[in-house]
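Asker: Note that the protein sequences, when read in sequence, are chains A, B and C.
Sequential numbering from 7 applies to the first sequence in this note's numbering.
Sequential numbering from 220 applies to the second sequence in this note's numbering.
Sequential numbering from 724 applies to the third sequence in this note's numbering.
Please see the structure below; I have some questions.
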Amino acid sequence: MSKYIIQGAKDDFEVVIGLEVHAQVISNAKLFSGASTEFGAEPNAQVSLVDAAMPGMLPTINAECIRQAVRTGLAIGAEINKYSVFDRKNYFYADLPQGYQISQFKHPIVGEGIVTLDLGEGRTKDVGVERIHLEQDAGKSMHDQHPQFTYVDLNRSGVALMEIVSKPDMTSPEEAGAYLTKLRTILRYIGTCDGNMEQGSMRADVNVSVRRAGEPLGTRCEIKNVNSIRFVRQAIEVEARRQVDIIEDGGEIDQETRLFDPVKLETRSMRSKEEAHDYRYFPDPDLLPLEFDDAFIDAARVSLPELPDEKRTRFVDVLGLSDYNAGVLVAEKESSDYFEALLEALSSKSKAAAAKVASKAANWVMGDLFGALNKAGKTITESPVSAAQGADLLALVEDGTISGRIAKDVFEVMFETGKDAEAIVEEKGLKQVSDTGEIEKIIDEVIAANPGQLEQYRGGKDKLIGFFVGQVMKATGGKANPGVVNKLLKPKLDG
Amino acid sequence: MSDIDKATVAKIARLARIKIEDDKLEPLAGELNNILGWVEQLSEVDTDNVEPMASVVNAKLRWRDDVVNDGDKAESVLKNAPKAEYSFFTVPKVIE
Amino acid sequence: MSDLIKLTIAEARDLMAKGELSSRELTEAHIDAVNGADPLNAYIAKTPDQALAMADAADAKIKAGDATGMTGIPVGIKDLFATKGVHTAACSHILNEFKPEYESTVTQNLWDDGAVMLGKLNMDEFAMGSSNETSFYGPVKNPWRRGETETVPGGSSGGSVASVAGFAAMGATASDTGGSIRQPAAFTGTFGIKPTYGRCSRYGMVAFASSLDQAGTVTRTVRDGAIMLESISGFDAKDSTSVDIDVPNFEAALTGDIRGLKVGIPKEYYLDGMSPELETLWQQGIEWMKAAGAEIVDISLPHTKYALPTYYIVAPAEASSNLARYDGVRYGLRNVPEGGSLDDMYYTTRGEGFGDEVKRRVMIGTYVLSAGYYDAYYIKAQKVRQLIANDFAEAYKQVDVILTPTAPSAAFAFGEKSDDPLAMYLNDVFTVPASLAGIPGSSVPAGLDKNGLPLGLQVLGKAWDEATVLKVSAVLEEAAGFTHEPKIWWR
Ligand SMILES: [Mg+2]
Ligand SMILES: [Zn+2]
């Protein structure tokens, strides 16, 4: 992949991108209240008097949200701050009940870390994370329900968010997309955020600036709340182009907040947000400094599962998968979960070392299974064929009960009906014939029925052996074990 | 240090979302200048190497267990609302 | 007028324990007294039906042998404390007769002990004031008058002190952010105590300045203060700044024995132009302490002078943020001009809902936190606050308590200081330092000035040592023999 360049009328420009990702923390209760975080409840049903900022209500912090932020920090190799402080960010909005958001400003819970992007063809790039801080989500305003009113639902109000702030280390829309993809993969592996961008549990603010090669950083614009990876890429493209056009026209970029319109494919200024934004941060006097010790961090570290990069390395080094296959399988936690469950079952069923059957298993998952899922428009978690069922099918091939070709037919039926492989093989009589007596009998019949070809073969036309194999397979409906056929056929043809 | 004029008062009032009639801006500027001028005697105090004190409580933050034990009281939450419809709070329409 | 309303909490408790008095009788007498005290404007909401039901429950509790010190005792509640289903507006128009769906921990503690609620008490709007002239419900009148001139009760707990001094409550809850319990107690000849920050839960207490707000009590005697303070104190998991530390038996601390106790006299509290009467009273207090066997130690609290300006940055800053929730969206007042936007609603609601003093402080707070001023004002104030706390920590290496006057003057007349915010702020000059340091303090009625108005002495203690503050206060009370009562003019 070549460098991402925006060609202006006169000069070439490069783009510099930083992302602020708001990731909703997976926890039962909210950051500072005991109300549920569950999605999709009736309006204001998951609101405590604390979330509604009733007079005299006070915040108390949820331990799990702290643990999840620390786990996230550890997963990107970040420094964990044993001392951090909650501040109030003051502004007025209908869905911000307190008139301030409790956030972390000067002393965040997590410091600098690194996310390694997978850019394809084995290329990687490290993108720095500046910090991760914990903060409250706001409620939800609905502007289109009534001609005169905006409706406000506080169910999201107070849900814990991690704001993950990257360094301005990305230089193309692809890299920004790869960053979000990788970050989401990591968060989902460790279970700190479900990464669901459609439901808004992960959203990105995109900082974009452009410059001529070698020049210092240009003025940046922040595109707020972009809610899909594709939109992030598009937003960067159009915003960078907009900035280049302004600069080439001799204009200057105003540092401002913008909104991406995915229909018109443009960004536009959110002037309302700009006006008088002076957040007057100060330490929240209702809370004390957040402090914990090394033992807490160690326990969080121990609770981390194998991370995607570690898993990928193990798949290559220990299981002998190709780098490409390993990369594809670990990209989604669900895929690697499926693969690993299948491999374990297969290895125990066929009494073979995992490394011996791993490549076959990987090929099957990425080929047959992904293909079928794709065609059916299903995700791997919706697969009608479970990992255990897949392992059963592959084990039947391993022990010679069915051939690889028959396996494909069996899988098709499994995928349609959800039935077990063995039942299908039994039902349809698809068991491979390996009985030498039976096969010998058929070979004899085939040879007897084709004297002309036999003569030509014996006259030196070796290739005709394929013809005889084909005839035998045809006579057995494809069930004859090809190995056995080959072994018996040659001596008989040779006479 | 402090020099609060009419425009500054208007700006602060805007940040604080408090309507202040035009004819009150000037007198308020005077009052605020008085108070802040008096407050400025703090600059006499040598505070080098002094940590700002945010709380007198010398303890770390206590943590709560991750248990859902609140919510499910939309009626209570909405009871004092000046205006509510279909279990939503309602405010004058916001045009984004 | 029934004699029952002149009883102290301790006396009533003992009579009820002996079966010689019922809470119902006591409560009925107080409901009459509350109604008779309307001219004081101390109560802004009365709850007689609730009071009688609580009294009957208390009588049952006493019969069952479950009584504690506050069982059956009729009290008034400052409008700052959330009381479920009952007016809670911090005396601000912006809360528009708000009735919470919840109970503050402080009042819940009282009800758990069987106390009886007479109603909600007037106060300065959002506790911002030192004369109770900023209440939306009008000023409270001090039962004590300067001749025929009406005086302010002090603030912000003006309703609390007036109800207790005027025999319309046996005790009252109060709150102190910069002196709002002690200064009005001094103005009304009552005993007020603010415990250590973190001793009483702030849950359900309408916030003014979160790092300073602390609940406390107003009573007519030190013993009553000990009984009532013990009831409202205690750890509360719902308040992150509540401290999990045992509450001692405060009444048991009133041994009367302060021999060998070291009493600090800070030289910085001698103000230029301090009235000779006040200085004499302070000196008298020192003599009483000596006579009781205490040792007097001259101490220095060098940053005292800077306490008030520090306070007038920290408190407004926190208030500007704490009061942002009053926006007309979820409760309270909403004023929208015809066809107005959300922003118009904010401006109008807050412009019309807040009184002048509240607006002034929200404006100061907004300013000192705003970009470019934060370090110069807010951080600077927090640093000086640390120095003030350090002063006390140093002093308490040498002494057990500190004795000072409570307020620079006796109660003043209405309007006398309300035109000049700075003159008003100076009222808290002796009380604010302890608030900034979070230490406990009381005001004990100790004498009358030449106009016959009460004066108070302030006792400050070490953090968590309310017991010693109470013990010393009781010795002062005993020595002062303050048995004066206001002339009852209001009924
Ligand atoms: Mg942001
Ligand atoms: Zn954020």
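The beta-carbon is built from N, C-alpha and C at its ideal position, and this holds for glycine as well.
In chain order, what residues of the same chain lie with their CB nearer than 7 Å to the CB of Gly128/A, ignoring the 5 residues before and after it?
Answerer: Stepping through the first sequence from its first residue, residue 128/A is reached at position 122. Excluding positions up to five away in sequence, the list reads Asp329.
Asker: Less than 8 Å between C-beta atoms, sequence neighbours within five positions excluded: which residues of the same chain meet that for Val165/A?
Answerer: Numbered from 1 along the first sequence, position 159 holds the residue referred to as residue 165/A. Contacts found: Gln30, Val31, Lys36, Leu37, Thr43, Gln142 and Asp143.
Asker: Determine the contact status of Ser880/C and Gly799/C, defining contact as a CB-CB distance below 8 Å.
Answerer: In the third sequence, the residue the question calls residue 880/C occupies position 157. In the third sequence, the residue the question calls residue 799/C occupies position 76. No, the pair does not count as a contact, with Cβ atoms beyond the cut-off.
Asker: Would you call Pro222/A buried or exposed, if buried means 16 or more other Cβ atoms sit within 10 Å of its Cβ?
Answerer: Stepping through the first sequence from its first residue, residue 222/A is reached at position 216. With fewer than 16 other Cβ atoms within 10 Å, it is exposed.
Asker: Quick one: what's got a C-beta closer than 6 Å to Thr1072/C's C-beta in the same chain, skipping five residues either side?
Answerer: Along the third sequence, read from residue 1 onward, the residue named residue 1072/C stands at position 349. Once the five neighbours on either side are set aside, the close Cβ partners of Thr1072/C are Gly1051, Leu1056, Arg1057 and Asn1058.
Asker: Compute the beta-carbon to beta-carbon distance between Phe931/C and Thr900/C, rounded to the nearest angstrom, for a pair I have assumed lies under 8 Å.
Answerer: Within the third sequence, residue 931/C is the residue found at index 208, counting from 1. Within the third sequence, residue 900/C is the residue found at index 177, counting from 1. That pair is a contact at about 5 Å.
Asker: Cα separation between Glu873/C and Ser963/C?
Answerer: Position 150 of the third sequence, counted from the start, is the residue given in the question as residue 873/C. Position 240 of the third sequence, counted from the start, is the residue given in the question as residue 963/C. Each residue's Cα considered, the two are about 42 Å apart.
Asker: If you follow the alpha helix (DSSP H) that Asp323/A is part of, which residue opens it and which one closes it?
Answerer: Position 317 of the first sequence holds residue 323/A. Run containing Asp323/A: Pro314 to Asp323, per the alpha helix (DSSP H) assignment.
Asker: For the segment 743-782 of chain C, list the alpha helix (DSSP H) runs that are entirely contained and at least 4 residues long, ordered along the chain.
Answerer: Runs of the alpha helix (DSSP H) inside the segment 743-782 of chain C: 746-759.
Asker: Here's the rule I'm using: 16 or more other beta-carbon atoms within 10 Å means buried, otherwise exposed. How should Tyr993/C be labelled?
Answerer: Numbered from 1 along the third sequence, position 270 holds the residue referred to as residue 993/C. So Tyr993/C counts as exposed.
Asker: My assumption, with CB atoms under 8 Å, is that Pro1039/C sits in contact with Val1091/C. Please give the rounded CB distance.
Answerer: Residue numbering aside, residue 1039/C sits at position 316 when the third sequence is read from its first letter. Residue numbering aside, residue 1091/C sits at position 368 when the third sequence is read from its first letter. Pro1039/C to Val1091/C, Cβ: 7 Å. Contact.
Asker: What does the alpha-carbon distance come out to for the pair Gln459/A and Lys493/A?
Answerer: On the first sequence, residue 459/A is found 453 positions in, with the first residue counted as 1. On the first sequence, residue 493/A is found 487 positions in, with the first residue counted as 1. Rounded to whole angstroms, Gln459/A to Lys493/A spans 19 Å at the Cα level.
Asker: What distance in whole Å lies between the Cβ atoms of Val121/A and Arg137/A, which are believed to be in contact at a cut-off of 8 Å?
Answerer: Translated into positions along the first sequence, residue 137/A becomes position 131. Translated into positions along the first sequence, residue 121/A becomes position 115. About 13 Å; that fails the 8 Å criterion.
Asker: Please check if any C-beta of chain C sits within less than 8 Å of the C-beta of Phe308/B.
Answerer: By 1-based counting over the second sequence, the position of residue 308/B is 89. It does; some Cβ of chain C falls within 8 Å.
Asker: Taking Ala787/C and Asp802/C to be in contact with their CB atoms under 8 Å, please state how far apart those CB atoms are, rounded to whole angstroms.
Answerer: If you number the third sequence from 1, residue 787/C lands on position 64. If you number the third sequence from 1, residue 802/C lands on position 79. Not a contact, Cβ separation roughly 32 Å.
Asker: State buried or exposed for Ala15/A, treating a residue as buried only when at least 16 other CB atoms are found within 10 Å of its CB.
Answerer: Within the first sequence, residue 15/A is the residue found at index 9, counting from 1. Counting Cβ neighbours within 10 Å, Ala15/A comes out exposed, since fewer than 16 surround it.
Asker: Let me see if you follow: with CB-CB separation under 8 Å, is Ser309/A close to chain B or not?
Answerer: If you number the first sequence from 1, residue 309/A lands on position 303. False, the Cβ-Cβ gap to chain B never drops below 8 Å.
Asker: Within 8 Å of any Cβ in chain C, is that where the Cβ of Asn253/B sits?
Answerer: Walking along the second sequence from the start, residue 253/B turns up at place 34. Output row for Asn253/B: interface = yes.
Asker: Determine, using beta-carbon pairs with one atom in the segment 226-243 of chain A and one in the segment 165-182 of chain A, whether at least three such pairs fall under 8 Å.
Answerer: Yes: the two stretches touch, three or more of their Cβ pairs being nearer than 8 Å.
Asker: Tell me whether Leu271/A is buried or exposed, calling it buried when 16 or more other Cβ atoms sit within 10 Å of its Cβ.
Answerer: As a working mapping, residue 271/A is identified with position 265 in the first sequence. By the 10 Å Cβ count, Leu271/A comes out exposed.
Asker: Pairing CB atoms from the segment 147-157 of chain A with CB atoms from the segment 200-218 of chain A, are three or more of them under 8 Å?
Answerer: With the cut-off at 8 Å, the segment 147-157 of chain A and the segment 200-218 of chain A do not touch.
Asker: Between the Cα of Asp290/A and those of Asp405/A, Ile108/A and Val76/A, spot the shortest distance and give me the residue it belongs to.
Answerer: Taking the first residue of the first sequence as 1, we reach residue 290/A at position 284. Looking at the Cα atoms, Ile108/A is the closest of the given residues.
Asker: If you draw a straight line from the alpha carbon of Ser965/C to that of Lys729/C, how long is it in whole angstroms?
Answerer: Locating residue 965/C in the third sequence gives position 242, where the first residue counts as 1. Locating residue 729/C in the third sequence gives position 6, where the first residue counts as 1. If you take the alpha carbons of Ser965/C and Lys729/C, they lie about 35 Å apart.
Asker: Quick check: the segment 299-318 of chain A against the segment 59-77 of chain A, are at least 3 beta-carbon pairs closer than 8 Å?
Answerer: Segments in contact, yes.
Asker: Using a threshold of 7 Å, is the CB atom of Glu228/A nearer than that to any non-hydrogen atom of ligand 2?
Answerer: Here residue 228/A refers to the residue found at position 222 of the first sequence. False, no ligand heavy atom lies under 7 Å from that Cβ.
Asker: May I ask you to report which of helix, strand or coil DSSP gives Ser1158/C?
Answerer: Here residue 1158/C corresponds to residue number 435 of the third sequence, with the count starting at 1. It is helical.
Asker: To the nearest whole angstrom, what separates the beta carbons of Val135/A and Ile170/A, a pair I think is in contact under 8 Å?
Answerer: Counting from 1 along the first sequence, the entry for residue 135/A is found at position 129. Counting from 1 along the first sequence, the entry for residue 170/A is found at position 164. Contact flag correct, Cβ pair sits at about 6 Å.
Asker: Please report how far the alpha carbon of Val875/C lies from the alpha carbon of Trp1213/C, in whole angstroms.
Answerer: Counted from its first residue, the third sequence places residue 875/C at position 152. Counted from its first residue, the third sequence places residue 1213/C at position 490. Using only the alpha carbons, I get a separation of about 14 Å.
Asker: Cα separation between Val316/B and Ile1087/C?
Answerer: Lying before the first or after the last residue shown, residue 316/B is absent from chain B, which here runs from 220 to 315.
Asker: For Asn268/B, go through chain A and note every residue whose CB falls closer than 8 Å to its CB, in chain order.
Answerer: Sequence index remark: in the second sequence, residue 268/B carries index 49 (1-based). Residues of chain A passing the Cβ test: none, with the nearest at roughly 18 Å.
Asker: List the whole-angstrom C-beta distance separating Val363/A from Ser354/A, where the pair is believed to meet the contact cut-off of C-beta under 8 Å.
Answerer: Counted from its first residue, the first sequence places residue 363/A at position 357. Counted from its first residue, the first sequence places residue 354/A at position 348. That belief does not hold up - the Cβ atoms of Val363/A and Ser354/A are roughly 10 Å apart, past 8 Å.
Asker: So which of Phe298/A, Thr423/A and Gly333/A has the shortest CA-CA distance to Asp124/A?
Answerer: Taking the first residue of the first sequence as 1, we reach residue 124/A at position 118. When only C-alpha atoms are compared, the closest one is Gly333/A.
Asker: Relative to the C-alpha of Thr828/C, which candidate in Ser1141/C, Gly921/C and Ser1093/C has its C-alpha closest?
Answerer: For the purposes of this step, residue 828/C is taken as residue 105 along the third sequence, with counting starting at 1. Residue Gly921/C is the option with its Cα nearest to Thr828/C.
Asker: Looking only at DSSP bridge pairs, what is Asp304/A linked to?
Answerer: Walking along the first sequence from the start, residue 304/A turns up at place 298. In the DSSP output, where bridge partners are listed per residue, Asp304/A has none listed.
Asker: Would you call Asn331/A buried or exposed, if buried means 16 or more other Cβ atoms sit within 10 Å of its Cβ?
Answerer: For the purposes of this step, residue 331/A is taken as residue 325 along the first sequence, with counting starting at 1. Buried.
Asker: Tell me the DSSP secondary structure of Ile1211/C in three-state form.
Answerer: Counting from 1 along the third sequence, the entry for residue 1211/C is found at position 488. Note: Ile1211/C maps to coil in three-state DSSP.
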